[in-house]
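Q:
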Amino acid sequence: MKTIEHVMSPRVVTVEMDDRITIAKNIFDNMPFHHLVVKDEHNQVAGVLSRKDLFNAISPNLGTAAELTRDIDTLQKRVHQVMSHHPITVGPDISIEQASQILLTEGITCLPVLKHQQLIGIVSWRDLLSHYCHLGCSAA
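Under this note's numbering, the residues of the sequence shown are numbered 7 to 146, in order.
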């Protein structure tokens with residue numbers, strides 16, 4: 007039985023709760039990530055910030071001719087104001103099927119992976135879909 011440790015991304019980018027969302031925007035603009043894990047002052051996982059969370063929080067007028075000061079000010083919000091709080095986390099030893107079921111049942115798009123309360127990876131619906139596609143492709 008394959009576990010999510012085999013399909014998770016071990017490279018996790020984190021931000022802090024009090025970081026401005028302009029920092030998150032810069033990361034998303036320059037990296038292919040879709041989720042950032044948010045850590046609290048004790049270096050523990052406190053939330054997840056997705057690209058969707060970010061785009062819902064900032065003004066759609068940024069970078070356009072209609073941009074006003076108030077649009078730019080949306081970038082000054084803090085990460086904790088727009089992140090998803092209390093994320094569901096899992097250990098590296100759960101099955102790929104269990105992780106898939108959690109995402110479907112909970113209506114979420116990723117699971118931070120913790121081992122001994124330390125962040126060691128993240129698994130997203132893209133990782134799981136890729137795994138299932140490879141299974142289907144190799145069986146054909």
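All C-beta atoms, glycine included, are put in the ideal place defined by N, C-alpha and C.
#1: Do you know how far the Cα of residue 122 is from the Cα of residue 75?
#2: Does residue 97 pass the burial test, meaning 16 or more other C-beta atoms within 10 Å, or should it be called exposed?
#3: So does the region 120-134 actually touch the region 101-109, counting three or more Cβ pairs closer than 8 Å?
#4: Report the three-state DSSP secondary structure of residue 76 (helix, strand or coil).
#5: Which runs of the beta strand (DSSP E) at least 3 residues long sit entirely within the region 35-100? Give them in chain order.
#6: For a test of the three-state rule: what should DSSP assign to residue 20, helix, strand or coil?
#7: Do residue 100 and residue 114 have their CB atoms nearer than 8 Å?
#8: When you compare the region 29-44 with the region 52-62, are there three or more beta-carbon pairs, one atom per stretch, that lie closer than 8 Å?
#9: Can you tell which of 68, 24, 13 has its C-alpha closest to the C-alpha of residue 78?
A: By the coordinates alone:
#1: Indexing the sequence shown from 1 puts residue 75 at position 69. Indexing the sequence shown from 1 puts residue 122 at position 116. Using only the alpha carbons, I get a separation of about 45 Å.
#2: As a working mapping, residue 97 is identified with position 91 in the sequence shown. It is exposed - the Cβ of residue 97 has fewer than 16 other Cβ atoms within 10 Å.
#3: yes
#4: Position 70 of the sequence shown, counted from the first residue, corresponds to residue 76. Helix, per DSSP.
#5: The beta strand (DSSP E) runs of length 3 or more contained entirely in the region 35-100 are, from start to end of the chain, 41-45, 51-56.
#6: Walking along the sequence shown from the start, residue 20 turns up at place 14. Reduced to three states, the DSSP call for residue 20 is strand.
#7: Within the sequence shown, numbered from 1, the residue matching residue 100 stands at position 94. Within the sequence shown, numbered from 1, the residue matching residue 114 stands at position 108. No, Cβ-Cβ distance for residue 100 and residue 114 is not below 8 Å.
#8: yes
#9: As a working mapping, residue 78 is identified with position 72 in the sequence shown. Nearest of 68, 24, 13 to residue 78, Cα basis: 68.
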